[in-house]
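Chains A and B supply the protein sequences, listed in that same order. Under numbering that gives the first Met the number 0, the first residue of the first sequence carries the number 0, and numbering increases by one thereafter. Under numbering that gives the first Met the number 0, the first residue of the second sequence carries the number 0, and numbering increases by one thereafter. The beta carbon of each residue, even a glycine, is placed where N, CA and C say it ideally should be. Note that this is a predicted model, so its numbers are computed, not measured. Take a look at the structure below.
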Amino acid sequence: MLNSLRYIEAKSLHECFALLDEYDAVKLIAGGTDLFIEIKEKRVLPTHVIGIKKIPELNGIEYDCDYLYIFPCTTHTDIIESNLIKTKAPILFEACQTIGSIQTRNIGTIGGNICNASPGADCLPPLLALEARFNISHGKGNKELDVLDFLIAPFSVKLEKNEILTKILIPNKKWDGYCYMKFGFRNAMELAVIGVAVLLNVQPDSQIIQDINIAIGACGPIAYRAVEAEKFLTGKHIHDQHIIKASKLAMKEAKPRLDSLRANPWYRLEVGEVTVRRAIQKSLTRAFNKPS
Amino acid sequence: MSNYIKCWINEQLVETLVSPNITVAQFLREQMGLTGVKIGCDRGECGACTILVEGKAVNACLLMAPMINGCKIVTIEGLSENTVLHPLQKAFVEHGAVQCGYCTPGMILSANALLNKKANPSVNEIKDALSGNICRCTGYTKIIKAIESCIEDKNFHERDDSA
């Protein structure tokens, strides 16, 4: 690591903004499961690292009648163990369990997963499907962005040097069925070859899909909504041939990386289609098994 | 430039200066002499450096040394009481779950974290709990059997070694 690296533990947001203004080559660190490796392996070279994990305003999960609020330094383990998440956003509960290992989930945070913006980040497709918004603050004011406005490119997000992601807002919308399905070569400690998030509402009597959001990660520089597939399925009867066609439409919008070490583009599109189909089917099963 | 930290390591209060340029794994091994903390991949993928922080299994190689300020840490050395082995350590030895021994401290601490949280885990829950710990020698079967043997061990559940 850099011999001149300095670590400062910020006790409040106010202190954090002051430190961001004071130093030039500065990085914020919460869990550090991505960032710390970048620093150790000298791909990122800050002179100052500000620890934000203990800032009270950046931790916790709350809700009101409009939104579920997740604060960015909440660890993946906290999300998995939260009853609020299990009842109000179970797709996030499912996604966070697929991240890394128990050890990395105990320190890694949802804010870190978002702001690191790996193309395969497992929190991003569920947040995109949930129509989440991000609250970003620079000490003198706030702004809110939706997920696709926030993500610019692989490992690049719309955060200025003195800005912090301070809150994740998930609208309080009812969903009958959900699924986050990740395909990878290992069962744990694995980066996604594809990550598919599906949320849907069904009309049980007529067996019609009223509403469906499909978000896909690891199949392009940033996560995307499979808009054509969504439009195709909305208002359709639940039928295998419709689901198969939707899964093909979903992969038409994919832009798999040409030089990926993990999966060739053709392979990613093949398993992607299967994963989308299975994720839709699992969401439908859950929608019909949902206790009334 | 150093950071002052105050923490509890294996129930001993430690107040010292640490460099932010080292990991918690390096601090525990080199400054505290706790060489039971093994460094494998040094990037949070193999679990050899697993320690308990506030009772939770974490990779010591992924933490900057100043980050443990205020924390309770347990390393493998903290499980045995002088020369008396912890039931998990004894079980690993008796079941042949140790070959080169390099993954063993991390495996035992991950298992300890699980058994402190859930007294009667299923085999799948044991496997999940160990999914961040890699072993290149044993093929895992005897490791899982050793942990299962502790589930029925009354002596295990009467101890209180959660951090």
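Neighbour flag for residue 108 of chain A against chain B, beta carbons, 8 Å: no
Beta-carbon neighbours of residue 57 of chain B, restricted to chain A and to distances below 7 Å: 102, 105 and 106
Residue 162 of chain B versus residue 107 of chain B - alpha carbon distance: Residue placement at residue 162 of chain B is poorly supported in this model, since its pLDDT is 46, which falls under 50; the coordinates are not used for a value here.
Segment limits, alpha helix (DSSP H) that includes residue 149 of chain B: 140 to 150
Nearest neighbour of residue 103 of chain B, chosen from B:17, B:1, B:44 and B:134 [CA to CA]: B:134
Inside the segment 12 to 60 of chain B only - beta strand (DSSP E) runs reaching at least 3 residues: 49 to 52 and 55 to 58
3-residue-minimum beta strand (DSSP E) runs that sit fully inside the segment 120 to 205 of chain A, ordered along the chain: 132 to 136, 141 to 145, 150 to 152, 163 to 170, 176 to 182 and 193 to 202
Residue 236 of chain A - DSSP class collapsed to helix/strand/coil: strand
Among B:116, B:126, B:136 and B:77, the one whose alpha carbon lies nearest that of residue 11 of chain B: B:77
Cβ-Cβ distance between residue 84 of chain B and residue 59 of chain B below 8 Å: no
Own chain, CB closer than 8 Å to residue 161 of chain A, minus 5 neighbours either side, in chain order: 16, 19, 20, 137 and 138
Cβ-based neighbour list, residue 34 of chain A, same chain, cut-off 8 Å, excluding 5 preceding and 5 following: 26, 28, 43, 111 and 115
For residue 7 of chain B, the residue or residues it bridges with in DSSP: B:12 and B:71
Distance CB(residue 63 of chain B)-CB(residue 22 of chain B) smaller than 8 Å: yes
Sheet register partners of residue 44 of chain A (DSSP bridge): Paired residue(s): none; residue 44 of chain A is not in a bridge.
Expected contact under 8 Å - CB spacing of residue 219 of chain A and residue 253 of chain A to nearest Å: 6 Å
8 Å Cβ cutoff met for residue 214 of chain A and residue 153 of chain A: no
DSSP beta-bridge partners of residue 254 of chain A: Partner(s): none; residue 254 of chain A has no beta bridge.
Proximity of residue 142 of chain A and residue 135 of chain A at Cβ, strictly below 8 Å: yes
Where the alpha helix (DSSP H) containing residue 85 of chain A begins and where it ends: 82 to 87
First and last residue of the uninterrupted beta strand (DSSP E) at residue 106 of chain A: Here residue 106 of chain A belongs to no beta strand (DSSP E); instead the alpha helix (DSSP H) covers 101 to 106.
The segment 56 to 82 of chain B: positions lying closer than 9 Å to chain A by Cβ: 56, 57, 58, 60, 61, 62, 63, 64, 65, 66, 68 and 69
Supposed close pair residue 8 of chain B, residue 72 of chain B - CB separation, criterion 8 Å: 5 Å
DSSP three-state assignment for residue 54 of chain A, whether helix, strand or coil: coil
Alpha carbon of residue 148 of chain B to alpha carbon of residue 117 of chain B, nearest angstrom: 14 Å
Continuous alpha helix (DSSP H) stretch holding residue 279 of chain A: start and end: 264 to 288
Distance CB(residue 239 of chain A)-CB(residue 201 of chain A) smaller than 8 Å: no
Per-residue burial, residue 121 of chain B [other beta carbons within 10 Å of its own, 16 or more giving buried]: exposed
Option nearest residue 181 of chain A by Cα separation, candidates A:7, A:82, A:91 and A:45: A:91
The segment 79 to 89 of chain A touching the segment 46 to 53 of chain A, judged by at least three CB pairs closer than 8 Å: no
Coarse secondary structure for residue 83 of chain B, derived from DSSP in three states: strand
Cβ distance (whole Å) where residue 38 of chain A is taken to contact residue 9 of chain A below 8 Å: No, residue 38 of chain A and residue 9 of chain A are not in contact; Cβ-Cβ is about 17 Å, not under 8 Å.
Spatially closest choice to residue 62 of chain A from A:251, A:105, A:167 and A:286, by CA coordinates: A:167
Straight-line Cα distance separating residue 140 of chain A from residue 127 of chain B: 43 Å
Proximity test, Cβ basis, 8 Å: residue 121 of chain B and chain A: no
Exposed unless 16 or more other CB atoms sit within 10 angstroms - verdict on residue 6 of chain B: buried
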